[in-house]
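Visitor: Numbering follows the UniProt record's numbering, with no gaps: position 97 of the sequence shown is 97.
Below you will find the structure I want to go over with you.
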Amino acid sequence: MGELANCPNCGELFVKGIHSVCMNCYKEEERAFEKVFSYVRKKENRQATIAEVSDSTGVDENLIIKFVKERRIRTTNLPNLAYGCERCGEPIQGGKICDNCRQQLESDLKKINKQEADEQKKQEKANTYFSVNQKFRRKH
Numbered sequence: 001m002g003e004l005a006n007c008p009n010c011g012e013l014f015v016k017g018i019h020s021v022c023m024n025c026y027k028e029e030e031r032a033f034e035k036v037f038s039y040v041r042k043k044e045n046r047q048a049t050i051a052e053v054s055d056s057t058g059v060d061e062n063l064i065i066k067f068v069k070e071r072r073i074r075t076t077n078l079p080n081l082a083y084g085c086e087r088c089g090e091p092i093q094g095g096k097i098c099d100n101c102r103q104q105l106e107s108d109l110k111k112i113n114k115q116e117a118d119e120q121k122k123q124e125k126a127n128t129y130f131s132v133n134q135k136f137r138r139k140h
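Here is the structure:
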């Protein structure tokens, strides 16, 4: 069951379930989506940027970005419909971060994991030495 929440757009109290906004704002978003989708579907508009789509349709840029992020608008044939990477601002057409930032994060994670593994090996060696040393003392 959904929980009570205030609509982030209008502040109205609603039961949050499938949609993240109230029913009135959801209907408004759907109308905006239809405008945007109809605009980018036309062959002559496929080279448009998000700003150009926003200017032509009157739909807020953030809402268009939301449609792209939710993959409601596929950017396969829309090469200029891009938004900024959340880390560096580089234009991307899907996800939250660009390939360069993703690779950098993966590299950093590998370094951290290697450091932790090396540290664990050091601890195991220290403990192994200590336990061997204890066994040796007991025999004498």
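Every residue gets a Cβ at the ideal spot worked out from N, C-alpha and C, and that includes glycine.
(1) Within its chain, find whatever has a CB closer than 6 Å to the CB of residue 5; leave out the 5 residues flanking it on each side and keep chain order.
(2) Taking residue 34 as the reference, which of 48, 67, 55, 100 has the closest Cα?
(3) Contact check, residue 53 vs residue 32 under 8 Å by CB: the rounded distance?
(4) Beta-carbon separation of residue 89 and residue 69 under 9 Å?
(5) So, with DSSP's three-state summary, where would you put residue 50?
(6) Looking at C-alpha atoms only, which residue of 77, 46, 92, 76 is the closest neighbour of residue 83?
(7) Ignore the nearest five residues each way along the sequence and tell me which others in residue 80's own chain have a CB closer than 7 Å to its CB.
(8) Ordered along the chain, which non-local residues of its own chain (more than five positions away) have a Cβ less than 6 Å from that of residue 87?
(9) Take the Cβ of residue 29 as the centre, count every other Cβ of all protein chains shown within 10 Å, and call the residue buried at 16 or more, exposed below.
(10) Please confirm whether residue 25 and residue 44 have their CB atoms less than 9 Å apart.
(11) Would you identify the three-state DSSP class for residue 40, choosing helix, strand or coil?
(12) For residue 10 and residue 42, what's the separation of their Cα atoms in angstroms?
Guide: In brief:
(1) Mapped onto the sequence shown, residue 5 falls at position 5. The beta carbon of residue 5 lies closer than 6 Å to those of 16 in the same chain, with the five residues before and after it left out.
(2) Taking the first residue of the sequence shown as 1, we reach residue 34 at position 34. The closest CA to that of residue 34, considering only 48, 67, 55, 100, is found on 67.
(3) Position 53 of the sequence shown, counted from the start, is the residue given in the question as residue 53. Position 32 of the sequence shown, counted from the start, is the residue given in the question as residue 32. Between residue 53 and residue 32 a beta carbon distance of about 11 Å is seen, past the 8 Å cut, so the two are scored as non-contacting.
(4) Taking the sequence shown and counting its residues from 1, the one referred to as residue 89 is at position 89. Taking the sequence shown and counting its residues from 1, the one referred to as residue 69 is at position 69. Result no, Cβ atoms of residue 89 and residue 69 do not sit closer than 9 Å.
(5) Locating residue 50 in the sequence shown gives position 50, where the first residue counts as 1. Three-state DSSP puts residue 50 in a helix.
(6) Position 83 of the sequence shown, counting from 1, holds the residue named residue 83. Nearest C-alpha to residue 83: 92.
(7) The residue labelled residue 80 in the question sits at position 80 within the sequence shown. For residue 80, where only same-chain residues beyond five positions count, the Cβ hits under 7 Å are 47, 48, 49.
(8) Within the sequence shown, residue 87 is the residue found at index 87, counting from 1. Result list for residue 87: 97, 101, in chain order.
(9) Counting from 1 along the sequence shown, the entry for residue 29 is found at position 29. Burial check for residue 29: the Cβ neighbour count within 10 Å reaches 16 or more, so the residue is buried.
(10) Position 25 of the sequence shown, counted from the first residue, corresponds to residue 25. Position 44 of the sequence shown, counted from the first residue, corresponds to residue 44. Here residue 25 is not near residue 44, since their CB atoms are 9 Å or more apart.
(11) Translated into positions along the sequence shown, residue 40 becomes position 40. Under the three-state reduction of DSSP, residue 40 is assigned to helix.
(12) Taking the first residue of the sequence shown as 1, we reach residue 10 at position 10. Taking the first residue of the sequence shown as 1, we reach residue 42 at position 42. Between residue 10 and residue 42, the C-alpha separation is close to 32 Å.
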